[in-house]
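1 is the number of the first residue of the sequence shown in the UniProt record's numbering; add one for each residue after it. Here a beta-carbon is modelled for each residue, glycine too, at the ideal position from N, C-alpha and C. This one's a predicted model, so the numbers in the text were calculated from it and none came from an experiment.
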Amino acid sequence: MTAFRIIPTVKLFNLAKKARYDGYGSNSVYITVRTKGSHELVEIYRDIKSVFNNGKDMTWNQLFNFMDKQLTESLVVFE
C-alpha cells in the first residue's frame with residue numbers, strides 16, 4: 001500500500017489531464033520546480049514511477065491513464 005497526500009496528487013492528475021488534452025500526451029512528464037508545491041508534485045511523480053513503473057519515465061498519457069484508474073479505485077482518508 002502506498003499513501004500520497006490527496007491535494008498534490010489531484011494537482012498532478014490535473015496536470016496530466018491538461019497535458020493530455022492539450023496534445024502533449026506523448027511527451028515525457030516534465031515538471032518545472034519553482035515552488036514548494038512543485039517539489040511535492042515531483043516527489044509524488046517519482047514515487048509513482050518508482051513503485052508502479054519500475055523506475056522508468058512515463059509519458060503524460062501513461063501517467064493520466066494510471067492515475068485515472070488508481071484514483072477511481074482508491075480510498076481517501078483525510079487527516
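{"Check": "Span of the alpha helix (DSSP H), counted from its first residue to its last, around V51", "Outcome": "K36 to F52"}
{"Check": "According to DSSP, residues forming a beta bridge with S28", "Outcome": "T59"}
{"Check": "Contact check, S38 vs T59, beta carbons under 9 Å", "Outcome": "no"}
{"Check": "Through-space distance from L41 to residue 109, alpha-carbon basis", "Outcome": "The displayed coordinates of the chain run from 1 to 79. Any statement about residue 109 would go beyond what the structure contains."}
{"Check": "Cβ-Cβ distance between R20 and N53 below 9 Å", "Outcome": "no"}
{"Check": "Residue burial classification, A16 (beta-carbon count within 10 angstroms, cutoff 16)", "Outcome": "buried"}
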